[in-house]
Amino acid sequence: MTEPPARPGTTVHLYELAWILPSIAIPIGMLAALAVTAFGAGIHLPTVEGRVSPTRVAQTAPFDTPGLRQTGPDRYEVVLTSQIWTFAPNEIRVPAGSTVTFVATSKDVVHGLLIAGVHVNVMLLPGQVSKVTTRFDRPGEYAMVCHEYCGIAHHTMWGKIIVEPRS
Ligand code: CUA
Numbered sequence: 195m196t197e198p199p200a201r202p203g204t205t206v207h208l209y210e211l212a213w214i215l216p217s218i219a220i221p222i223g224m225l226a227a228l229a230v231t232a233f234g235a236g237i238h239l240p241t242v243e244g245r246v247s248p249t250r251v252a253q254t255a256p257f258d259t260p261g262l263r264q265t266g267p268d269r270y271e272v273v274l275t276s277q278i279w280t281f282a283p284n285e286i287r288v289p290a291g292s293t294v295t296f297v298a299t300s301k302d303v304v305h306g307l308l309i310a311g312v313h314v315n316v317m318l319l320p321g322q323v324s325k326v327t328t329r330f331d332r333p334g335e336y337a338m339v340c341h342e343y344c345g346i347a348h349h350t351m352w353g354k355i356i357v358e359p360r361s
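Numbering (the numbering used here), first residue to last: 195 to 361.
Structure below.
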């Protein structure tokens, strides 16, 4: 028969609201950020660029002729193969201001391709083709390293990109 004691409800209500609102706003904010980056900025997970038989890399175009080729004004393509414990080619020369697309794969185990100073960081998986494009504006030497552990001499697996100044 006794009424529950009257409580100062507003204090509890505001306190709850202070937690409820952010718990709604934060996921909505994250979903909005996801939508903007995915559909607006076009940032998404890498997709399958192509496949190649891992046992026949050396016989399959374009990997039968690894190397650098010019594809347009200031544009180059590097067909790159990786194997324990080297890249082919291991040294690449391009003029400053070049946009370079790397088309790469592995002939044996999982390797990685990381180029210091630019946005290149991909895995090189046997059977899969990895493709990544970047621009080299500043002249200098850029280290190109394998960043996936690939065996006893993993640490020796590196090469360089020499970006030559414009004359
Ligand atoms: Cu190749 Cu580590």
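From the three backbone atoms N, C-alpha and C, an ideal C-beta is built for every residue, glycine too.
Anticipated Cβ contact below 8 angstroms, residue i with residue j, distance rounded
i             : j             : result
threonine 362 : arginine 329  : The displayed coordinates of the chain run from 195 to 361. Any statement about residue 362 would go beyond what the structure contains.
alanine 283   : proline 260   : Looking at the sequence provided, one finds proline at residue 283 rather than alanine. Sure, about 6 angstroms apart at Cβ, within 8 angstroms.
alanine 232   : histidine 238 : 6 angstroms
Of the listed residues the options, nearest to residue i (C-alpha basis)
i             : options                        : result
valine 246    : Cys340, Val297, Val323         : Val323
proline 267   : Gly244, His348, Ile218, Pro289 : Pro289
alanine 298   : Ala252, Asp331, Gly236, Thr265 : Ala252
leucine 349   : Thr327, Ile356, Cys340         : It should be noted that the sequence gives histidine, not leucine, for residue 349. Closest by alpha carbon: Cys340.
aspartate 331 : Gly311, Ser276, Ser300, Leu225 : Gly311
valine 357    : Tyr270, Leu211, Thr241         : Tyr270
serine 276    : Arg263, Gly291, Asp258         : Asp258
glutamine 264 : Ile278, Gly244, Ile286         : Ile286
valine 272    : Met338, Ile214, Val303         : Met338
threonine 241 : Ser300, Met317, Ala219, Met224 : Met317
leucine 308   : Lys354, Ile222, Ile214, Ala226 : Lys354
threonine 254 : Ile346, Glu243, Lys301         : Lys301
glycine 244   : Glu210, His313, Thr327, Pro320 : Pro320
histidine 313 : Val304, Ser217, Thr327, Gly306 : Thr327
Delimiting residues of the beta strand (DSSP E) encompassing residue i
i              : result
tryptophan 279 : Taken as a continuous stretch (DSSP letters only), tryptophan 279 belongs to no beta strand (DSSP E), as it is neither H nor E.
leucine 318    : 314-318
serine 300     : 292-300
histidine 305  : 305-309
threonine 328  : 324-330
glutamate 358  : 352-358
alanine 337    : 334-339
Can you pull every residue whose C-beta falls closer than 5 angstroms to some heavy atom of the ligand CUA, listed in chain order? His305, Cys340, Cys344, His348, Met351
Please go through the stretch 228-284 and give each complete beta strand (DSSP E) segment of 3 or more residues, from N-terminal end onward. 261-266, 269-277, 280-282
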